[in-house]
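Engineer: For the record, in the sequence shown the residue sitting at position 100 is 105 according to the working numbering, with numbers rising by one throughout. Beta carbons are placed, not taken as given, at the ideal position from N, Cα and C, and that holds for glycine. Just so we're clear, the structure is a prediction, and the values are computed from it rather than from any experiment. Pasting a structure here, questions to come.
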Amino acid sequence: MTYKNEYIASTQHPDDFWLEQARNIAWFQSPEKGCQKTDSGYYDWFRGGQLNTSYLALDHHVNNGRGEKTALIYDSPVTQTTQHFTYNELLTDVAQFAGGLSRLGVEKGDRVIIYMPMIPQAAIAMLACARLGAVHSVVFGGFAANELAVRIDDAKPVAIVTASCGIEGSKVLPYKPLVDEALNISEHKPKACILFQREQLTAELNKDTDYDWHTLAENSEPASPVAVDATDPLYILYTSGTTGKPKGVVRDNGGHAVALHYSMGAVYDTSEDDVFWAASDVGWVVGHSYIVYAPLIKGATTVLYEGKPVGTPDAGAFWRMIETHKVNVLFAAPTAFRAIRKADPEGTFLSKYDTSSLRTLFMAGERLDPPTYYWTSEKVGVPVIDHWWQTETGWPICSNPMGLEPMKTKPGSSSVPTPGFNVKVLKGPDAPQAIGEKGAIAIQLPLPPGCLTTIWQDHQRFVDGYLREFEGYYSTGDNGYVDEDGYVFIMGRTDDVINVAGHRLSTGEMEEVLAAHPDIAECSVIGINDALKGQLPVGLVLLKDGVSVDEKALEQDLIQRVRDKIGPVACFKRAIVVNRLPKTRSGKILRKLLRQIAANETVAVPSTIDDPSSVEEIESIMRDKGLVREPAAI
Ligand code: COA
Ligand code: AMP
6 MTYKNEYIAS TQHPDDFWLE QARNIAWFQS PEKGCQKTDS GYYDWFRGGQ
56 LNTSYLALDH HVNNGRGEKT ALIYDSPVTQ TTQHFTYNEL LTDVAQFAGG
106 LSRLGVEKGD RVIIYMPMIP QAAIAMLACA RLGAVHSVVF GGFAANELAV
156 RIDDAKPVAI VTASCGIEGS KVLPYKPLVD EALNISEHKP KACILFQREQ
206 LTAELNKDTD YDWHTLAENS EPASPVAVDA TDPLYILYTS GTTGKPKGVV
256 RDNGGHAVAL HYSMGAVYDT SEDDVFWAAS DVGWVVGHSY IVYAPLIKGA
306 TTVLYEGKPV GTPDAGAFWR MIETHKVNVL FAAPTAFRAI RKADPEGTFL
356 SKYDTSSLRT LFMAGERLDP PTYYWTSEKV GVPVIDHWWQ TETGWPICSN
406 PMGLEPMKTK PGSSSVPTPG FNVKVLKGPD APQAIGEKGA IAIQLPLPPG
456 CLTTIWQDHQ RFVDGYLREF EGYYSTGDNG YVDEDGYVFI MGRTDDVINV
506 AGHRLSTGEM EEVLAAHPDI AECSVIGIND ALKGQLPVGL VLLKDGVSVD
556 EKALEQDLIQ RVRDKIGPVA CFKRAIVVNR LPKTRSGKIL RKLLRQIAAN
606 ETVAVPSTID DPSSVEEIES IMRDKGLVRE PAAI
């Protein structure tokens, strides 16, 4: 089927289209209904269907005689370890650990927080929760204790699953003290903390509520998969919004399984015989969808990599991985290839490895800048596909549909809307933009299966944040345009969310940390363009009247505070003292204007500005400090 036919079928007859796709997965009770309006006025998919996501990812393949096939390959250059798990082995480990969770009282609907490094036990814990119908919430290891505490208080987990340490390059990072600190800060106290001991650094289990992973799993009966409703939540994944409070994106079981299964064929052109490697982290949505769930639901082999693109040990790491594991499809962030290119511009390492197994290289997490596209395509010699998506959608909104009909690539574009996503560029409610004109990108409702169903415990925030701006549409928060061939170009965010090394971060959250400093009256955090990480946060701070400080010491203090409160992943390394910030007459800081100055764009000074001379002043300071930068690649 050509892309066009498939796209039309998916958007004009979504129920028929997705019920047909739903036949490709093994339900306990097949759904008869596609999309339906809920009491809250939103939509759900496949109500009435029953299934279990861990059953789909494991038991189903074992029952079909594929138990001896490799399900998961763990490759960890930081510990010099490689481990293969067959579907049989992974099923045994998941069922056993699920039995352990169950013994501790975890039941269907309960939440479990998973704070783990990139080890197989992270995936095992996720699948074990899914097996019990419990709702997991994975927290990325680069977040500080405070961020973990915020998520504990929001998700109210029955248990936390962690490991004794993470390994970042040559650094061994103890996890238990972070978890203990988070539990001290949080109001909610989970009943149990289960810890996987790693030999690089063991942790002391010092509370009545601490359990050792192995002891627990070994002394438990394996758990069977629990039937859940298609609409029951599978997981909550917190993502940055414009305020300090992260948003708990809720994913269902049924729509998620159907959408991911479909995407493995239509988008990634991946079969059950393929080795699929998503070089991300299980703490991000890419890790949820394409390290854990999609490849396993498809019955393919997935790769879990505990290392970096460079430095573990060198810029040949990705090529070595492809050769060693005969990777067919790779999915990574452009920043990873900018790092490789910076360390090895000629691609010398590439020539040392046989990468002939690789068919396609997918990139996401941030826009694939054309220089990185050209370099990677030329060096790797396979199609390099930019595709656009978000934590909220869980799978690509736009892509080159490699499994349906590979299309011509247009560098700078994430190609065309994926079947199911009715993408529109709007300038206002009911006002579509003309071809080639920039506007807010929205998706007509209902969204296809697999997208968020709500914000955990805050449906109103979901409605206000995503559905209010354009009636009948989901607002993506991104802007861009569509060209005459229907190709979508994503140009950036319309809000204060920034993208640092493919990680989405909230400047509002960083501002809250800076504003809490006793010497600071006001502040604004903006993202400046960076040749390696895409964007980096910079704080512009205004001191309280009469305060005089050593600016370098203040900067160090602020850097440490952001590290302590949010985590090293924020990459907050610069804060600059300014005399004033441009504001409206009502006292609102003109953040958009600051963003435009930083990106060296034409500045649109609003008529509501309090003092127009403040614009020139801040621009001059920002230029002086090297904060005005075009989007650039190396
Ligand atoms: N646990 C603990 N700390 C972590 C961490 C984790 N899981 N991940 C990152 N950090 C820390 C790093 O150690 C670093 O700390 P430091 O300031 O003390 O050095 C900080 O967070 C920033 O990390 P990172 O952004 O990874 O920077 P880097 O300089 O170490 O590496 C890249 C640069 C480009 C190689 C790296 O950012 C990268 O591989 N990016 C790809 C990201 C990606 O795959 N995103 C998924 C989107 S699909
Ligand atoms: P996250 O929810 O962390 O996956 O971040 C989603 C955001 O990252 C999107 O809203 C975009 O702003 C950005 N993004 C992700 N992929 C792309 C892409 N291929 N092109 C442009 N922006 C992207």
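Could you tell me whether any non-hydrogen atom of the ligand AMP is closer than 6 Å to the CB of residue 371?
Structural biologist: Residue 371 Cβ: within cutoff of the ligand AMP.
Engineer: Grab me the residues of residue 317's own chain with a C-beta within less than 8 Å of its C-beta, minus the 5 sequence neighbours each way, in chain order.
Structural biologist: Excluding positions up to five away in sequence, the list reads 82, 83 and 174.
Engineer: Tell whether a beta-carbon distance below 7 Å holds between residue 626 and residue 583.
Structural biologist: Going by C-beta atoms, residue 626 is nearer than 7 Å to residue 583.
Engineer: Is the distance from the Cβ of residue 580 to the Cβ of residue 563 below 7 Å?
Structural biologist: In contact: residue 580 and residue 563 (Cβ atoms closer than 7 Å).
Engineer: Three Cβ pairs or more, each shorter than 8 Å: is that satisfied between the region 286-300 and the region 394-407?
Structural biologist: Touching, yes.
Engineer: List, from N- to C-terminal side, the alpha helix (DSSP H) runs of 4 residues or more that fit wholly inside the region 221-290.
Structural biologist: Qualifying alpha helix (DSSP H) stretches, in chain order: 259-271.
Engineer: Any heavy atom of the ligand AMP inside 6 Å of the beta-carbon of residue 244?
Structural biologist: Residue 244 Cβ: within cutoff of the ligand AMP.
Engineer: Is the region 138-158 touching the region 271-291, taking contact as three or more C-beta pairs under 8 Å?
Structural biologist: Yes, since at least three Cβ pairs between the region 138-158 and the region 271-291 fall closer than 8 Å, the two stretches touch.
Engineer: With 16 as the cutoff for other CB atoms within 10 Å, does residue 28 come out buried or exposed?
Structural biologist: Exposed: under 16 other Cβ atoms inside 10 Å.
Engineer: For a quick check, are the C-beta atoms of residue 116 and residue 160 less than 7 Å apart?
Structural biologist: Yes, Cβ-Cβ distance for residue 116 and residue 160 is below 7 Å.
Engineer: State buried or exposed for residue 413, treating a residue as buried only when at least 16 other CB atoms are found within 10 Å of its CB.
Structural biologist: Exposed, since its Cβ has fewer than 16 Cβ neighbours within 10 Å.
Engineer: Could you compute how far the alpha carbon of residue 305 sits from the alpha carbon of residue 334?
Structural biologist: Whole-angstrom Cα-Cα distance: 11 Å.
Engineer: Name, in chain order, the residues that DSSP records as bridge partners for residue 459.
Structural biologist: Bridge partners of residue 459: 255.
Engineer: Count the other CB atoms within 10 Å of the CB of residue 628; is the residue buried (16 or more) or exposed (fewer)?
Structural biologist: Result: exposed.
Engineer: Measure the alpha-carbon distance for residue 405 versus residue 529 and round it to whole angstroms.
Structural biologist: Roughly 37 Å separates the two Cα atoms.
Engineer: So, residue 239 versus residue 258, is the Cβ gap smaller than 7 Å?
Structural biologist: The answer is yes: Cβ separation under 7 Å.
Engineer: Buried or exposed: which applies to residue 609, given that a residue is buried once 16 or more other Cβ atoms fall within 10 Å of its Cβ?
Structural biologist: When all chains shown are included, residue 609 counts as exposed.
Engineer: State buried or exposed for residue 21, treating a residue as buried only when at least 16 other CB atoms are found within 10 Å of its CB.
Structural biologist: Per the 10 Å Cβ criterion, exposed.
Engineer: By DSSP, does residue 368 sit in helix, in strand, or in coil?
Structural biologist: Three-state DSSP puts residue 368 in a strand.
Engineer: In whole angstroms, what separates the C-alpha of residue 5 from that of residue 220?
Structural biologist: One cannot answer for residue 5 here, as it falls past the ends of the chain, which runs 6 to 639.
Engineer: Could you say if the region 247-257 and the region 511-531 meet the contact criterion of at least three C-beta pairs nearer than 8 Å?
Structural biologist: Yes, since at least three Cβ pairs between the region 247-257 and the region 511-531 fall closer than 8 Å, the two stretches touch.
Engineer: According to DSSP, simplified to helix, strand and coil, what is residue 638?
Structural biologist: Bear in mind that the predicted position of residue 638 carries a pLDDT of just 45, short of 50, making it too unreliable to give a figure here.
Engineer: Could you have a look at residue 571 and say whether DSSP puts it in helix, strand or coil?
Structural biologist: Coil at residue 571, not helix or strand.
Engineer: Using the beta-carbon count (16 or more within 10 Å), is residue 624 buried or exposed?
Structural biologist: With 16 or more Cβ atoms within 10 Å of its Cβ, residue 624 is classed as buried.
Engineer: Rounded to whole angstroms, how far is the Cβ of residue 458 from the Cβ of residue 482, which I believe are closer than 8 Å?
Structural biologist: Contact doesn't hold; Cβ gap of about 18 Å is too wide.
Engineer: For the region 547-617, list the alpha helix (DSSP H) runs that are entirely contained and at least 4 residues long, ordered along the chain.
Structural biologist: Correct list: 556-570 and 596-603.
Engineer: Going by DSSP, what residues sit across from residue 389 in a beta bridge?
Structural biologist: In DSSP, residue 389 forms a bridge with 366.
Engineer: Measuring straight from C-alpha to C-alpha, what distance separates residue 638 and residue 429?
Structural biologist: Low local confidence applies: a pLDDT of 45 at residue 638 is under 50, so the model's placement there is unreliable, with the coordinate-based value given in what follows. Roughly 29 Å separates the two Cα atoms.
Engineer: Evaluate contact between the region 66-76 and the region 41-53, counting only Cβ atoms and requiring at least three cross-stretch pairs below 8 Å.
Structural biologist: Contact fails: fewer than three Cβ-Cβ distances are below 8 Å.
Engineer: Any idea if residue 526 is buried or exposed, counting beta-carbon neighbours within 10 angstroms, 16 or more meaning buried?
Structural biologist: Classification of residue 526: exposed, given that the 10 Å Cβ count is below 16.
Engineer: In terms of residue numbering, what span does the beta strand (DSSP E) encompassing residue 432 cover?
Structural biologist: Segment 428-433, the beta strand (DSSP E) holding residue 432.
Engineer: For residue 62 versus residue 103, is the C-beta distance shorter than 7 Å?
Structural biologist: Not closer than 7 Å, so no.
Engineer: Got a sec, what are the start and stop residues for the beta strand (DSSP E) residue 502 sits in?
Structural biologist: That run of the beta strand (DSSP E) goes 502-505.
Engineer: Short of 7 Å in beta carbon distance, which residues of its chain neighbour residue 556, apart from the five on each side in sequence? Order them along the chain.
Structural biologist: 582.
Engineer: Can you list, in chain order, the residues of its chain whose CB lies under 8 Å from that of residue 190, leaving out five sequence neighbours each side?
Structural biologist: The residues are 150, 151 and 154.
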